[in-house]
Structure formats: C-alpha cells, structure tokens
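Student: Going left to right, the sequence shown walks through residues -27 to -1, 1 to 845 as mature numbering (1 follows the signal peptide of the UniProt record, and there is no 0) numbers them.
Got a structure for you, questions after.
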Amino acid sequence: MKHFLFVICCKFFILIVLSLFSLVSYAQQCSSGINVSNGQYYFDGDNVPGTTGWGARNLTVNPTGLSGGTGSGGRIIVDSTWGWNNGNQWTNRNDATEAINITLTINGVTYARLTTPSNSQNTAILSALNGASFISGGGNVNVNPFGQYTHNAQLLLPNSVTTISNVQISGTETPFQGSGGFFGIGAQASAGDDGGIRVNSILQCGFEATDAPSSYGIARHNRDLVATNLRLGANVSYESTNLNSTLADRDSFDDGISSFPQNIIDPVTGAISLTATVTNGSGSNTNLVGWVDWDQDNIFQADEGVAITVPAAGSSNSACTNTSGNDFSCNLDFVVPTADRSNSGYFFSRFRLSTDALTTSTISTSVTGGEVEDYRFCIGCFDISGAIFIDENGDSNITGDGVTTNQPWVHLYRDDDNDGVPSAGDTLVKQQVANNGTYLFSMLPIDTYFVAVAPPKLSGALAEQTYAASNTYSNAFCDANGDGAVGDIPRTTSGACYSGIDGDRADSTSNSTTREHITKVDLSFSSGNQTNVDFGFSYNVVTNTDNSGQGSLEQFIRNANALTGANEMRFVPTVPANDSDGGADWWVVTPTSNLTTITGTNGANTTIDGTAYSNADGTTIIDPNPGNFSASQTIGSSDGCSVATLPALAKPELQIDRPTNSSAYNSELLIVNADNTTVRNVSLTGGSLGINVYSGGISGSLFEQNLIGIDPAGNDRVIGQDTCGTSTGCAGIAIANPSNASLISSTGIIQNNAIKTAHNNISFGNLNGQTATDHWLVKHNQLLGTTSTSGSYVYHNIYIRYGIPAYLDVLGNLMRDATGDGIYQLGTSNVALNQTFTSNDIQNSGAAGIHVTSGHTDIITCNVIHNNGGAG
C-alpha cells in the first residue's frame, strides 16, 4: 500500500531531454549542440532500504559539434531541474534519518551534487564541484511537494571543458533508520527521502571576439549569463570562432564607439575624445578600457590605453553621463604622444567593457561577460566617388545624359612609385562593380591614386570614352593631341577625353599601365573628399582606324545592331591620319573582311558619317583634307526646262578601302539591311561593291556626299575589277540581291555622290512594290564611268533589271564614260512604270545615252545627251 502511494505521490523520475533547440532567453548567446536520450530514471530513498545506492545511469550522448571552454566555442552551460521531498513530510513521524546524494558527472568528472539533509530538515544543498559554478540555482533547495521537482539551476562548466563526450547521473544513500513503519508496516517500509534531476539542455555559449588583425592579440568575452545587459552600442554579436581580419570589419555589431577623428591631430594638445554608448545593467560599476595604435606599429600598448569606470544605473561620474535607465554616454579622452601627432592613415583601436578586472594592460585576455569591439579608422582618409555616363551623341557633353545601366568594373591603383603617372610600380588597392552606374571608394589614406574604369558593355556593344571630369586634385589622362601616344599630361578641367589616355590603345585589365580610361586623384587634407570623378562613354563614336574593337568603325556597326534607338556615328579621330596627298591628310580603315551588316530592328536609323571632329571638344569640324572634289555646277537642258544644280562635293576625311575583287558580292564595303540607314561623307574604294541593299522592305535609305571608287584626294581607286559578269551586284551602289530575289518596297535616295567603278556605277535589281510616294530617287550624282576593258561585258552608269521598278526618278545627274549605256533598263515587266529621267547630262558612253528595252509610260525630258557611241 505504502509503495503504491509512493509511486503515485513521491516517485520522481529523470527525463533526460537534450535536443537541438534554442531557448528564447539564450538568444544570440547559446545554442544546443548535443543530443541525449535514455528514457526515465529516478532515485527513491526507501525503494531499497538498507542499501547504499542504485549505481550510475549513463545517458546516451551524440556529440554534434558542441565545444567550448578555452577552445573556439565559448563556455558550456548545463540547464537542469532538481528536486527532493522529505519522507517525514508525509509520515509525520520525524524519525527518518536517511540522506540521498544525487550527482551530475560529465566526461567522468562530477560537477554538481544535491545532498538531502539527514536530520529531517526541509532544506537540501545543491553544490558545484571541480571548478564548475552555478550561474543560478545553486545553494539551498527547499523541499518540494510530492512529484514537483522544479528547482531550475544553470551550471557553468569550467574553461577546461571543451567538448561533451559523456553525461552520467547517479545517486547514493545512507542506510535508512526509522522507528516504525507506515500504516503499521515495518521498518523496511518506512519513509525515506526521495530526489531527482532532469537535464533540460546542455548549451554551447559563444563569446564576443575581436576582429582586428592578429598582431593586436585576441581578446575574448565569454558569454556566461543568460542576459547580461552589459554592452557597447545597440547590439552584441556572439561568435564561435575568432574573427581576426585585416580590416577589423568581420563583427557587424561593433557599433558602440563614435567621434573617430578624420582631420589632422592637433599638434599642440594631441587631444582626441571618443564617445562610447554603453548599457550597464549589471547592477554595479563596470570597467571600460580603450586603446588606439597611435604609433601605427601594429600592436596595442598599455601607454596607448585609457580606462574609465561606468557607474551603475541611475548615476553619473566625470566620464559617463546616465542618459536613461541603464544607458550611458561616456567619453574616452586620449592624449596622443607628440611623436605620433603628425601620423595619418589607418589606425586600429580596441574597446573592452566588463565587470571583470580590466586595465590598460589587459589588452588580449579572456574575461566574463560584457563586450569587446575593434575598429579601424582613418585620419586623413577621404572618399573618391563618381559616375559613369553614357554620352549618347558622343559630343563630350554629358549634360542631360544618364549613367550606364551596365555595371562596369572600376579599379583603384595607388601610385606607390610616386611618379605621378600610371606605371608598373602602382598597386591595385581596391576594385568594385559600378552598381547603378556609380562607384565609391571610401576611407582612403592621403596619397596619389589612379581610378581606372572599364568601358561599359551592353548586349555585345562596347563604348568608347568621350569625357572625363577634372579639377585641381582630380586629373584625367587624355590623348588630347591625337598622336596615338600615351597622354601623360593630365587635364585640370573637365571636358573632352576621347579614347582616354591613348587613342591607339584598347583597354586592358592587366595593370594600371595598360588601362585606357584613367584619372589621377591626389588626396590630401586640402583636397577633402573627391566627388564627381566622372567618366563619359559613347557607343556612337569612332576614334581610330582599327578593323575591330573599341572605337572602331566595325564596333560602331555592332553597337548599332545591338542597341535600341538611333545611332549616329561621330568620327573623332584620336590617332594620326594614316594617308596623305600633297599636304592633305585623311584616315583610312582597311577591313580584311566584310564589315558587319547593318541589320535588324536595332540597326534601323543608323548613320555612318565620315565628317571629322576635333578631339579637343568633339564638336568642332576639322578639315585636314581641304577643298572640294568638285565645284558646284549646273546640268541639263535650259531649252524650255529648268536646269539642275549639282552642289559642290567636299573631299572626305574618312576612307574605307579593301583590295579590289572581281566577284560581285565577295568584297562589299558596306552592307545595309535596316531601315533609314544613312551613309555620308565617306570615300569607299576597292572591294567589289561599295554599298549594297539586298533585302526587300528596307526603306528610307540615304546615301549622299560620298566618293565611291575615288579616294579622298580625288584619285581613281575604283570599285571592282574588269571581269564581273552580268550580275546587278557589279556596282558602286547595288540595290540588288545576290540571288535576284524580289526587293519589294525597297525605297531610298542616292544623291550628291561621285562614283567611279570597274563595272556599273549604280544598279537596281528586281525592284517591286514601288509607289508614287515610296520609291528610289537618284539625284545630283556624278556617275563618272566604268573602266572595265575585258571586252566580254560592258557596264553602265545606271543599270536597271527585272521586276517592276516603277516611279524610279533619275534627276539631274552627270553621267560620263560608261563602257555601255548611260542608263540601261532590261528585262523588267512590260507595264507602265511611270519613271522619270530628267535633266541629266549623259556623255561619252560607249553605247546609247538612255537605253530602255522593257516597260513603258516613262518620262524622258530635259536631258543633255551627246558624244555617245550609240543612240541618244
């Protein structure tokens, strides 16, 4: 009976529950790192009377990385619940003299014991052993009601415990002695004391670690309490490993110290005052010590430290003002040694707060609680920042232009060899991606730096530099004279900076000496922060005569195809002219294969313009190839007609030249497959075809003011070779498809050009879908003849073949020296074409002036046709 009641009322069992969970009260401090399970266990003082104990119970332990102590993981806390009841409490006989000892053993060492009294009193003792200590719950444990063992205790294991491999609980008893039994049952059934322990969790508690470089030593603040309420700033981070770093920036919660100096230290007083924001909820005075490495020797020394006392909540002292509750604002007043007052650059500092003893000598010790914070700050450190603009029209004026949506890399070099120019002795200090088109290098010590920007790239497009900001302290390197050599004289004012430091260089990523877009920045106390160190780039400038790459004509065409919107080429040469004639100079691009076709929706509204602009500003037209190829002249009949006026045709500054080729489509200088494409002010020479439009539906083409088959000096450099066959692709300008496919709704204007070819000057092949408002117009051109002498074929000034080339207007053109006809139309549909051939001057053709063999209802009027080999 008594035993039954004991089971109901008195028996206490130990449920060992060690699982991976985090208690709210241990937030950021402690986490479970071990699993233990072993069912139920209890100690019953009268279960086996007359014996001395029950042995030990080993709990099943599964280590899962729990570590601590003097190792890398902080201290270890055992959270447990203890309890006991006195047998006399329910027998009321006061004759039980038995005592129970319950112990907690970890890794073979007993660290806690509950001892019940042997004198029938109602207080037991919970003791810590072998270097352990109770954070809470040690000492007296009052007697509990039956089965209610709820005395919580938190046992802090000593530093020597670095891992958990074994947990054991055990109990011993003194033999029971009593005068009577329960309800008349004999002495063996008399009441004894009972007790128990439940281990709730074993927790790994992190520590607050330093993050300065390792030369400054390691200071640790072990997290021993559940809630210390003792910290610097608003937060404390708790680590499981040391955080040494070169920048003292691995602890994101170092936020308690402010007012670090930036300007030069006062050379007279050396006074520096730092502000510490402190929370002291410890209930007593606490210690705050700070060190600054004023002599920059990479160690903290005692004479570099300042120690103050932070009072308990509600009071203030000379160093700390109580702002509210547990919160304080404290001053740490340093006097920098005289020898160190001129120092500038980076300084490391450390600040420690703890109730443990701290002095200016305890730089890298381990203490309990509080917080340690390391900082790197800079005296004479300033920022360099800027933006990377897209100069849409390439005129070197970024007003109203936006920043790049691309994210180019920005590199920062330090001028370690002090020569003031990018060189092999420079050191890469930092690099970053220009997010949102801007960059910022912060906290840079006084020195000379070079900011190098990679050119923006977008969808295969590659931009070239047009602009750089400059002032007294920020000086862009620009090849201002366009001599193709490095521009070592930096700018002092903002403005044009075409091609960057060297007009004949493609940007490289190896070191500062091969960077193209680079600005020197001199940081000093006078300069302060250098903001708006800006760069401008354009996808629309051509700056050199390279066959590909940044600033080339080929790259411009690729850019046009890749980017939406209109693309109007601006030719701003930053390399010397590479051809000349009698004092006249110009630039020649010599592709080794066909240039990329201007094509697609993006390629629409592209303009290739050889007009040359000064690289000093990008807006002043230069004319190193002065004069006109031809003067203004009037042509056509004045007999009852209005004569046509051909405007003067200037000599261009840009030539595209390839070796001549006899195959019609094998060597094309410019290929157009996009609407509203313009080609002007260019000399096109060699190859087999000057300009080709080969697809139907391509409208709005404009080809004007070009020399085709004539070099910029006015010398013949004809398109094509003698033998080309009958293809309509044998031409200076061909509106024709290689397979003679129909070109429906192809429209455009060819005007004010001079053309000299081996074969046809202009050809139209299989035009269809022309209307009275949308058709081709050939106007005011000088079609200067064909040179083929092969005898197999003759060629024409204008060759029209196949299709229904309706409404074709040929107005006011000068036509000379064709080996065939001036105008020859063959094989078109025999329908009304409504073409107009008016006010043309056709001379010296080998055959007829105008030869129309197909179609009808054309207007042929006011032409001057004479000295031809055949009919007029």
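Even for Gly, the Cβ is constructed at its ideal location relative to N, Cα and C.
The model shown is predicted, which means the values in this text are computed figures rather than measured ones.
So what does DSSP say about residue 314, is it helix, strand or coil?
Tutor: Position 341 of the sequence shown holds residue 314. Three-state DSSP puts residue 314 in coil, outside helix and strand.
Student: If I measure Cβ to Cβ from residue 442 and keep anything under 8 Å in the same chain, skipping five residues before and after, which residues do I get?
Tutor: Along the sequence shown, one-based indexing puts residue 442 at 469. The residues are 359, 449, 467, 492, 505, 506, 507, 508.
Student: Could you give the first and the last residue of the continuous beta strand (DSSP E) run that contains residue 349?
Tutor: As a position in the sequence shown, residue 349 is number 376, starting the count at 1. Segment 344 to 352, the beta strand (DSSP E) holding residue 349.
Student: If we ignore side chains and look at the alpha-carbon of each, how far apart do residue 85 and residue 105 end up?
Tutor: Translated into the one-based positions of the sequence shown, residue 85 becomes position 112. Translated into the one-based positions of the sequence shown, residue 105 becomes position 132. Cα-Cα distance, rounded: 8 Å.
Student: Closest to residue 552 by C-alpha separation, out of 627, 569, 538, would be which residue?
Tutor: Within the sequence shown, the letter at position 579 stands for residue 552. The candidate whose alpha carbon is nearest that of residue 552 is 627.
Student: Cutting at 8 Å between CB atoms, please list the residues of its own chain near residue 302, excluding the five before and the five after it.
Tutor: Within the sequence shown, the letter at position 329 stands for residue 302. Closer than 8 Å at Cβ, skipping near neighbours: 248, 249, 250, 251, 293, 294, 296.
Student: Quick one: grab the DSSP three-state call for residue 690.
Tutor: Along the sequence shown, one-based indexing puts residue 690 at 717. Coil, per DSSP.
Student: With a threshold of 6 Å on Cβ separation, who are the neighbours of residue 427 within its own chain once the five nearest residues in sequence on each side are excluded?
Tutor: Position 454 of the sequence shown, counting from 1, holds the residue named residue 427. The residues are 381, 382.
Student: Is the stretch 551 to 571 close to the stretch 493 to 504, with three or more CB pairs under 8 Å?
Tutor: no
Student: Go through the stretch 541 to 565 residue by residue and report every complete run of the beta strand (DSSP E) that reaches 3 residues or more, in order.
Tutor: 552 to 554, 557 to 562
Student: Going by the DSSP bridge assignment, what does residue 181 pair with across the sheet?
Tutor: Counting from 1 along the sequence shown, the entry for residue 181 is found at position 208. For residue 181, the pairing in a beta bridge is given by DSSP as 194.
Student: Please list, in chain order, all residues of the same chain as residue 103 whose beta carbon is under 8 Å from its beta carbon, the five residues on each side excluded.
Tutor: On the sequence shown, position 130 is the one that residue 103 refers to. Within the same chain, and ignoring the five residues on either side of residue 103 in sequence, the residues whose Cβ sits closer than 8 Å to its Cβ are 82, 83, 84, 131.
Student: In whole angstroms, what separates the C-alpha of residue 771 from that of residue 745?
Tutor: By one-based count along the sequence shown, residue 771 stands at place 798. By one-based count along the sequence shown, residue 745 stands at place 772. Rounded to whole angstroms, residue 771 to residue 745 spans 20 Å at the Cα level.
Student: For the 8 Å Cβ check, are there 3 or more pairs between the stretch 399 to 416 and the stretch 472 to 479?
Tutor: Not touching, per the Cβ criterion.
Student: What residue ranges within the stretch 379 to 421 form continuous beta strand (DSSP E) runs of no fewer than 3 residues, ordered along the chain?
Tutor: Runs of the beta strand (DSSP E) lying entirely within the stretch 379 to 421 and spanning at least 3 residues, in chain order: 382 to 387, 400 to 406, 411 to 418.
Student: I need the DSSP call for residue 768, collapsed to helix, strand or coil.
Tutor: Residue 768 sits at position 795 when you count from the first residue of the sequence shown. Reduced to three states, the DSSP call for residue 768 is coil.
Student: Kindly list the residues whose CB is nearer than 6 Å to the CB of residue 814, restricted to its own chain and excluding five residues on each side of it in sequence; keep chain order.
Tutor: Here residue 814 refers to the residue found at position 841 when the sequence shown is read from its first residue. Contacts found: 608, 787, 837.
Student: With the cut-off set at 8 Å, would you say residue 652 and residue 679 are in Cβ contact?
Tutor: Here residue 652 is taken as the residue at index 679 of the sequence shown, counted from 1. Here residue 679 is taken as the residue at index 706 of the sequence shown, counted from 1. A contact, by the Cβ cut-off of 8 Å.
Student: Using the beta-carbon count (16 or more within 10 Å), is residue 416 buried or exposed?
Tutor: Walking along the sequence shown from the start, residue 416 turns up at place 443. Counting Cβ neighbours within 10 Å, residue 416 comes out exposed, since fewer than 16 surround it.
Student: Where do the N-terminal and C-terminal ends of the alpha helix (DSSP H) with residue 101 fall, by residue?
Tutor: Position 128 of the sequence shown holds residue 101. That residue, residue 101, is in no alpha helix (DSSP H); its beta strand (DSSP E) goes 96 to 101.
Student: Which residue marks the beginning of the beta strand (DSSP E) containing residue 708, and which one marks its end?
Tutor: Translated into the one-based positions of the sequence shown, residue 708 becomes position 735. Start and end: 704 to 708.
Student: Using C-beta distances below 6 Å, list every residue in its chain close to residue 314, excluding the 5 sequence neighbours before and after it, in chain order.
Tutor: On the sequence shown, position 341 is the one that residue 314 refers to. Closer than 6 Å at Cβ, skipping near neighbours: 238, 240, 243.
Student: Using CA coordinates, which residue listed in 179, 673, 694 is at the minimum distance from residue 762?
Tutor: The residue given as residue 762 occupies position 789 in the sequence shown. Of 179, 673, 694, the residue nearest in Cα terms is 694.
Student: Residues in the same chain with beta-carbon distance under 7 Å from residue 446, minus the five sequence neighbours each way, listed in chain order, please.
Tutor: Stepping through the sequence shown from its first residue, residue 446 is reached at position 473. Only 494, 495, 500, 503 meet the Cβ criterion.
Student: Count the CB pairs spanning the stretch 206 to 218 and the stretch 256 to 272 that are closer than 8 Å, and state whether there are at least three.
Tutor: no
Student: Measuring alpha carbon to alpha carbon, tell me which residue in 299, 280, 784 is nearest residue 331.
Tutor: Against the sequence shown, residue 331 aligns to sequence position 358. Measuring from the Cα of residue 331, the nearest candidate turns out to be 280.
Student: Could you give the distance in angstroms between the alpha-carbon of residue 323 and the alpha-carbon of residue 191?
Tutor: In the sequence shown, counting from the first residue as 1, residue 323 sits at position 350. In the sequence shown, counting from the first residue as 1, residue 191 sits at position 218. Counting only the Cα atoms, residue 191 lies some 11 Å from residue 323.
Student: If you follow the alpha helix (DSSP H) that residue 574 is in, where does it begin and where does it stop?
Tutor: Translated into positions along the sequence shown, residue 574 becomes position 601. Element bounds for residue 574: 573 to 576.
Student: Just tell me which of 357, 355, 688, 336 has its CA closest to the CA of residue 347.
Tutor: Looking up residue 347 in the sequence shown gives position 374. Of the candidates 357, 355, 688, 336, the one whose C-alpha sits nearest the C-alpha of residue 347 is 336.
Student: How would you call residue 373, buried or exposed, if buried means at least 16 neighbouring beta carbons within 10 angstroms?
Tutor: Sequence index remark: in the sequence shown, residue 373 carries index 400 (1-based). Its Cβ having fewer than 16 others within 10 Å, residue 373 is exposed.
Student: If we count Cβ pairs, one from each stretch, closer than 8 Å, do we get three or more for the stretch 539 to 551 versus the stretch 602 to 616?
Tutor: no
Student: Helix, strand or coil: which one does DSSP assign to residue 528?
Tutor: For the purposes of this step, residue 528 is taken as the residue at position 555 of the sequence shown. It is helical.
Student: Over what stretch of residues does the beta strand (DSSP E) that includes residue 751 continue unbroken?
Tutor: Taking the sequence shown and counting its residues from 1, one reaches residue 751 at position 778. Taken as a continuous stretch (DSSP letters only), the beta strand (DSSP E) holding residue 751 covers 749 to 752.
Student: Count Cβ pairs between the stretch 688 to 703 and the stretch 669 to 678 that sit closer than 8 Å; are there 3 or more?
Tutor: no
Student: What number of angstroms, rounded off, separates the C-alpha of residue -18 from the C-alpha of residue 139?
Tutor: Locating residue -18 in the sequence shown gives position 10, counting from the first residue. Locating residue 139 in the sequence shown gives position 166, counting from the first residue. With a pLDDT of only 35 at residue -18, under 50, the local geometry of the prediction cannot be trusted, and the value read off the model is given with reservation. Distance between the alpha carbons of residue -18 and residue 139: 29 Å.
Student: Could you check what DSSP says for residue 364 in three-state terms: helix, strand or coil?
Tutor: As a first step, residue 364 must be located in the sequence shown, where it is residue number 391. Residue 364 falls in the coil class under three-state DSSP.
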